[in-house]
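Worksheet: the structure to be examined is printed underneath.
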Ligand SMILES: Cc1cc2nc3c(=O)[nH]c(=O)nc-3n(C[C@H](O)[C@H](O)[C@H](O)COP(=O)(O)OP(=O)(O)OC[C@H]3O[C@@H](n4cnc5c(N)ncnc54)[C@H](O)[C@@H]3O)c2cc1C
């Protein structure tokens, strides 16, 4: 809002405008003419009329998010209060700069030292944050969450042009071959897993986990099998389309009858007598981005019962492929779907990895997926923590700020400690991904990644539950002050189930321990 050549008023002058036909208020040192707004006020006209002509900054902050101010302030602005100063941060500053709320950013971005990050990580984080603020502002996020629509293609194309889709897949061969720019101008050779971690962190802190999944999840877990196990021809055709935002892809493993028990998938792929194509029949369930996808990296049964009869196959949308949305706890813009294949012809050339050797490929892919889900957990928990801290600072009860209550502070301390512990574990594992060679990662990192995901998922669920408690009724309400916490909490249990449930991963990690145990070692 430009403040040159604007009218100024004394508080006495403002006070005279206190009737239904002429009502002004002061918020943060600025004067607003709310006469035409009174009847539109969701909580009724009287509450504003009672405060007409007064400074209502505290009352406004007690009941509204800053996005409400962003929406209405420009159109209702009348002038400045003479001699008053404004303290609200601008929308641009809030959405593009690092938060100064303690613990609202990973510690490196709050002045602490870290062996993992350097200036390139800060530049990258800020570039991604600016992209998000420009292309998907709070109002658009709200619209998506409420409509449940898939993110528009135009947004994917912008993400593609900015290099965000390519960066979503982390460092590696695909990025070195990628010719486009990356956010902040970082070179592919300098891009590491910490940059990738920052990218996921930025996209999941937007306050709408369903939309975040709608924008990225399918690509992040669905394209790596093509890059890692697809033929050169397949890669050449599919990868650029997905990284430009032209086409979308998802990972389709789970079936109604095979969830944690991946080796039991039943979706059949029967090879033709000529040996050139498979005919695929079966149903996949809870496939994130399924509705909006053109390609499905799909687990199919090509052989005998059990894990040695499973293959990975890239199935293209076409005749015989149907997708239907499955409503879940978060916004349908995630595109969680039932995917039905009925006699779909798929070229044998679309195999990802060897026939009947798909189980190993799926397991290989799980490491990165589980790490990514751990990043998501820390990001979602941190954003809710920021919301809850702001609320505890702002909310007044029993004559003071909530933050004055020892019980509230104890609650916050517990959830901060858990979040920071998970973040440290995450950064440690990320460093191993960056520095261990491929064989060593396969040998020793699967167990720790499983434990990390289990720990981060439990931490996130705990933090979200606590944040709802701190927000009170607002944390259980879809709109208003608690809406962000409500959205994160609604999705917080997902991460302990998908990509390997807590039970399955804890068991897996300890089986790895048992396998590595030196049998000569005795008490
Ligand atoms: C929102 C959402 C998005 C998803 N996105 C995708 C996707 O994009 N692609 C995809 O392929 N799948 C996806 N899934 C499916 C997800 O991976 C499965 O839900 C998950 O693998 C668990 O399978 P299940 O739900 O059938 O539960 P089940 O396997 O039936 O498990 C039920 C319960 O039993 C426990 N359990 C199972 N086996 C054991 C065991 N051996 N020991 C101890 N406890 C056990 C589990 O931990 C769980 O608590 C998604 C699911 C959801 C909810």
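In UniProt numbering, the protein residues as written are 1 to 523.
Where a beta carbon is used, it is the ideal one built from N, C-alpha and C, also for glycine.
Contact test: residue i Cβ vs ligand 2 heavy atom, cutoff 6 Å
i: residue 373; result: This structure lacks ligand 2; the ligands present are ligand 1.
Residue range of the unbroken alpha helix (DSSP H) whose run includes residue i
i: residue 272; result: Per DSSP, residue 272 belongs to no alpha helix (DSSP H) and is neither H nor E.
i: residue 490; result: 483 to 491
i: residue 393; result: 358 to 394
i: residue 322; result: Where residue 322 is concerned, there is no enclosing alpha helix (DSSP H), although the beta strand (DSSP E) it sits in stretches over 321 to 325.
i: residue 343; result: Here residue 343 belongs to no alpha helix (DSSP H); instead the beta strand (DSSP E) covers 337 to 347.
i: residue 14; result: 11 to 15
i: residue 27; result: It is not in any alpha helix (DSSP H) - residue 27 instead sits in the beta strand (DSSP E) that spans 22 to 27.
i: residue 515; result: 502 to 516
i: residue 407; result: 406 to 435
i: residue 128; result: 119 to 135
i: residue 456; result: 446 to 471
heavy atom of ligand 1 below 6 Å from residue i C-beta
i: residue 177; result: no
i: residue 246; result: no
i: residue 422; result: no
i: residue 286; result: yes
i: residue 369; result: no
i: residue 259; result: yes
i: residue 501; result: yes
i: residue 229; result: no
i: residue 323; result: no
i: residue 359; result: no
i: residue 497; result: yes
i: residue 249; result: no
i: residue 254; result: yes
i: residue 494; result: yes
i: residue 283; result: no
i: residue 430; result: no
i: residue 87; result: no
i: residue 279; result: no
i: residue 122; result: no
i: residue 143; result: no
i: residue 336; result: yes
i: residue 57; result: no
i: residue 328; result: yes
Reference residue i; option with closest CA among the options
i: residue 470; options: 461, 482, 459, 460; result: 482
i: residue 190; options: 275, 434, 155; result: 434
i: residue 88; options: 389, 66, 351; result: 66
i: residue 369; options: 55, 115, 446, 518; result: 446
i: residue 243; options: 36, 159, 23; result: 159
i: residue 281; options: 132, 293, 322; result: 322
i: residue 312; options: 262, 337, 294, 318; result: 262
i: residue 297; options: 328, 256, 359, 184; result: 359
i: residue 18; options: 382, 50, 27; result: 50
i: residue 85; options: 475, 122, 57, 255; result: 57
i: residue 21; options: 185, 5, 52; result: 52
i: residue 460; options: 410, 485, 449; result: 485
i: residue 272; options: 406, 343, 48, 329; result: 343
i: residue 463; options: 511, 509, 411; result: 411
i: residue 81; options: 144, 30, 117, 116; result: 30
i: residue 180; options: 140, 245, 218, 348; result: 245
i: residue 254; options: 516, 505, 498, 509; result: 498
i: residue 320; options: 353, 76, 278; result: 278
i: residue 133; options: 206, 68, 249; result: 206
i: residue 240; options: 336, 177, 260; result: 177
i: residue 350; options: 315, 378, 357; result: 315
i: residue 139; options: 68, 170, 151; result: 68
i: residue 222; options: 42, 430, 168; result: 168
Boundaries of the beta strand (DSSP E) in which residue i is found, first to last residue
i: residue 279; result: 277 to 287
i: residue 36; result: Per DSSP, residue 36 belongs to no beta strand (DSSP E) and is neither H nor E.
i: residue 316; result: 310 to 316
i: residue 108; result: Element bounds for residue 108: n/a, residue is neither H nor E.
Interface flag, residue i vs chain B, CB-CB below 7 Å
i: residue 451; result: Given the protein chain composition of this structure (a single chain), no chain B is represented.
*What beta strand (DSSP E) runs, 3 residues minimum, are completely inside the region 176 to 262?*
249 to 252
*4-residue-minimum alpha helix (DSSP H) runs that sit fully inside the region 38 to 90, ordered along the chain*: 46 to 49, 57 to 63, 66 to 76
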